[in-house]
Amino acid sequence: MNFLRPTLLTLACLLALPSHADDLPSLGDASSAIVSPQQEHQLGRAWLSLLRGNVSQLSDPQLKDYVETSVYRLAETSQLQDRRLEFILIDSKELNAFAAPGGIVGVNGGLFLNAQTEGEYASVLAHELAHLSQRHFARGVEAQQRMQLPMMGALLVGIIAAAAGAGDAGIAAIAGTQAAAIQEQRRFSRQNEQEADRIGIVNLEKAGYDPRTMPTMFERLMRQYQYSAKPPEFLLTHPVTESRVADTRNRAEQAAKGGVEDSLRYQLIRARLQLIYEGTPGLAAKRFRALLDDNPKLDAARYGLALAQIKGGQLNEARESLKPLLAKAPNDITYNLAQIDLDITNNRLADAQQRVDRMAALYPRNYPLQQVRADLLLKQNRPAEAQKALETLLKSRPDDPDVWYEVAETRGLAGNTIGLHQARAEYFTLVGDFDQAIQQLDFAKPVQATISRWRRRSMHASARFWNSSGWSRK
Ligand SMILES: [Zn+2]
Numbered sequence: 010m011n012f013l014r015p016t017l018l019t020l021a022c023l024l025a026l027p028s029h030a031d032d033l034p035s036l037g038d039a040s041s042a043i044v045s046p047q048q049e050h051q052l053g054r055a056w057l058s059l060l061r062g063n064v065s066q067l068s069d070p071q072l073k074d075y076v077e078t079s080v081y082r083l084a085e086t087s088q089l090q091d092r093r094l095e096f097i098l099i100d101s102k103e104l105n106a107f108a109a110p111g112g113i114v115g116v117n118g119g120l121f122l123n124a125q126t127e128g129e130y131a132s133v134l135a136h137e138l139a140h141l142s143q144r145h146f147a148r149g150v151e152a153q154q155r156m157q158l159p160m161m162g163a164l165l166v167g168i169i170a171a172a173a174g175a176g177d178a179g180i181a182a183i184a185g186t187q188a189a190a191i192q193e194q195r196r197f198s199r200q201n202e203q204e205a206d207r208i209g210i211v212n213l214e215k216a217g218y219d220p221r222t223m224p225t226m227f228e229r230l231m232r233q234y235q236y237s238a239k240p241p242e243f244l245l246t247h248p249v250t251e252s253r254v255a256d257t258r259n260r261a262e263q264a265a266k267g268g269v270e271d272s273l274r275y276q277l278i279r280a281r282l283q284l285i286y287e288g289t290p291g292l293a294a295k296r297f298r299a300l301l302d303d304n305p306k307l308d309a310a311r312y313g314l315a316l317a318q319i320k321g322g323q324l325n326e327a328r329e330s331l332k333p334l335l336a337k338a339p340n341d342i343t344y345n346l347a348q349i350d351l352d353i354t355n356n357r358l359a360d361a362q363q364r365v366d367r368m369a370a371l372y373p374r375n376y377p378l379q380q381v382r383a384d385l386l387l388k389q390n391r392p393a394e395a396q397k398a399l400e401t402l403l404k405s406r407p408d409d410p411d412v413w414y415e416v417a418e419t420r421g422l423a424g425n426t427i428g429l430h431q432a433r434a435e436y437f438t439l440v441g442d443f444d445q446a447i448q449q450l451d452f453a454k455p456v457q458a459t460i461s462r463w464r465r466r467s468m469h470a471s472a473r474f475w476n477s478s479g480w481s482r483k
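Residue numbering for the sequence shown follows our numbering, starting at 10 and increasing by one per position.
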């Protein structure tokens, strides 16, 4: 099967690597010797799939779309040469973000809770992109001249585990404390941190942000966690000191004024996160309403209130909350997606369909909209059309396990049995479960033979195989 080949090949290459650094050619260039950019890329992808199989993630398409778009925008003005990025959004309230070798960008939900403006959010990611562009990881490995290459794999897991908050015993066990400790020393050396801050500030300004948001965030975090016995992971790996704040402040002050500090779009996405991490929709509604009472012009709070009401089943109230927002910005994609969500929840499928069609004409490539379009078709019991919509989405998101998961479900409903097993194999590959992936391909084989037999007898294939086994979401 073609689609499995790249990942299996990567793993085969990793296994075939010589076990001593002595066997490797040394190119003498500190940034390209032991670990080549291509090796980094492959390792990064392989470990991303392992990480995906081991940590709980946020799969909200609007959130994913926002993170991807904003980071790609920052990458454009960064020093990053290889801009093939992959993203993982970790379902954790704790403040953290990380960039792993090979262009893997990880963001915790907690970053949105802690970064009060888009500029603050961007300053964390600009810093992380700088770690990537300066290849701090490869340079760290290079410095460790006698390091055995297979250990590099363990180190990668180490960084990822550390970055993800090391909450998962599975990853921690593979990582090995020693490997993780060595890597921590390298990647989070003070010099690398300072360099990432400085390059990040330049990137922020080039991308149109006000880089003063970086020291502003650092200052607040420093005050907030000054006496905390258990600061968030990000502050353990990135200690915020008076001198770090002063250094970033001095550099940021040299930037021209007038850069972007915040955006409504960021605040809307932030409201989605606040709702996710609030105990109940009722509590969230109360909090958003309190914000609105203080400032009735706070559109993000009104939006958050509407979402909380939809989630809590107060559908008429939600409709009232969305009304002024849609009146103000009738073509805004975020508000319209909320209205579509409301209409679907309210079983007003024709209304939802009409709005989806109108929005699709305005935003034909919008990922959250494409996703909701497929969901709506399924809800209307039109699996063949849903399947077609998802196949289109796959063209722009071929490595997204969330999309493959839905593709598998939808192909099953549409009676496409071989396609179902192939989609499941893709999904399991992307989340690092290769045994299950191969099993799914084995399922597809007898099905394929059976179907050709059926075809000869002019019979239609039934979906009897599609629910075989081993299918559960990671
Ligand atoms: Zn850093």
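Think of the CB as a built atom: it goes at the ideal place given N, C-alpha and C, for glycine as much as any other residue.
Decide if residue i is buried, meaning its Cβ has at least 16 other Cβ atoms within 10 Å, or exposed.
i	result
residue 306	exposed
residue 78	exposed
residue 132	buried
residue 214	buried
residue 243	buried
residue 40	The predicted position of residue 40 is uncertain, since its pLDDT is 45 and thus under 50; a value taken from the coordinates is nonetheless stated next. That one is exposed.
residue 438	buried
residue 373	exposed
residue 333	exposed
residue 37	With a pLDDT of only 34 at residue 37, under 50, the local geometry of the prediction cannot be trusted, and no value is derived from it.
residue 371	exposed
residue 469	Only weak support exists for where residue 469 lies, its pLDDT of 35 falling under 50; the value from the coordinates is given anyway. When all chains shown are included, residue 469 counts as exposed.
residue 343	buried
residue 224	buried
residue 304	exposed
residue 250	exposed
residue 73	buried
residue 341	buried
residue 81	exposed
residue 200	exposed
residue 53	buried
residue 494	With the chain covering 10 to 483 only, the question about residue 494 has no answer from this structure.
Tell me, which residues are paired with residue i by DSSP?
i	result
residue 66	99
residue 218	269
residue 117	99
Confirm the yes/no value for this check: CB of residue i, any heavy atom of ligand 2, distance under 8 Å.
i	result
residue 205	Of the ligands this structure carries, namely ligand 1, none is ligand 2.
Could you tell me whether the Cβ atoms of residue i and residue j are closer together than 9 Å?
i	j	result
residue 70	residue 407	no
residue 415	residue 429	no
residue 241	residue 63	no
residue 412	residue 61	no
residue 355	residue 324	yes
residue 273	residue 298	no
residue 210	residue 88	no
residue 57	residue 95	yes
residue 402	residue 383	yes
residue 212	residue 83	yes
residue 284	residue 320	yes
residue 395	residue 426	no
residue 137	residue 205	yes
residue 309	residue 287	no
residue 130	residue 312	no
residue 145	residue 91	no
residue 127	residue 270	yes
residue 423	residue 393	yes
residue 434	residue 450	yes
residue 436	residue 417	yes
Is the stretch 262–276 close to the stretch 213–231, with three or more CB pairs under 8 Å?
When C-beta atoms of the stretch 262–276 are compared with those of the stretch 213–231, three or more pairs fall below 8 Å, so the two segments count as touching.
Kindly confirm or deny that the stretch 324–337 and the stretch 360–375 touch, where touching means at least three C-beta pairs closer than 8 Å.
Cβ pair count under 8 Å is below three, so no.
Please give me, in chain order, every unbroken run of the alpha helix (DSSP H) with length at least 4 that falls completely inside the stretch 376–462.
Segments of the alpha helix (DSSP H) lying fully in the stretch 376–462: 376–388, 392–405, 410–422, 426–439.
Which runs of the beta strand (DSSP E) spanning at least 3 residues fall entirely within the stretch 90–114, listed in chain order?
Qualifying beta strand (DSSP E) stretches, in chain order: 95–99, 106–109.
Take every Cβ of the stretch 277–290, pair it with every Cβ of the stretch 118–125, and state whether three or more of those distances are shorter than 8 Å.
Contact between the stretch 277–290 and the stretch 118–125 is present, because at least three Cβ pairs lie under 8 Å.
Assess, as a yes-or-no matter, whether the stretch 281–299 is touched by the stretch 224–243 under the definition of 3 or more beta carbon pairs within less than 8 Å.
The answer is no - the stretch 281–299 does not touch the stretch 224–243, with fewer than three Cβ pairs under 8 Å.
Is there contact here, the stretch 138–146 with the stretch 106–116, by at least three beta-carbon pairs under 8 Å?
Short answer: they touch.
List in chain order: all unbroken alpha helix (DSSP H) runs of 4+ residues lying wholly within the stretch 319–385.
With a minimum length of 4 residues, the continuous alpha helix (DSSP H) runs that stay inside the stretch 319–385 are 324–337, 342–354, 358–371.
Counting Cβ pairs, one atom from each stretch, are 3 or more of them under 8 Å apart for the stretch 94–102 and the stretch 224–232?
Output reads no: the stretch 224–232 does not touch the stretch 94–102.
For a minimum of 3 consecutive residues, which ranges assigned as the beta strand (DSSP E) are wholly contained in the stretch 236–260?
Annotation: the stretch 236–260 contains no complete segment of the beta strand (DSSP E) (minimum length 3 residues).
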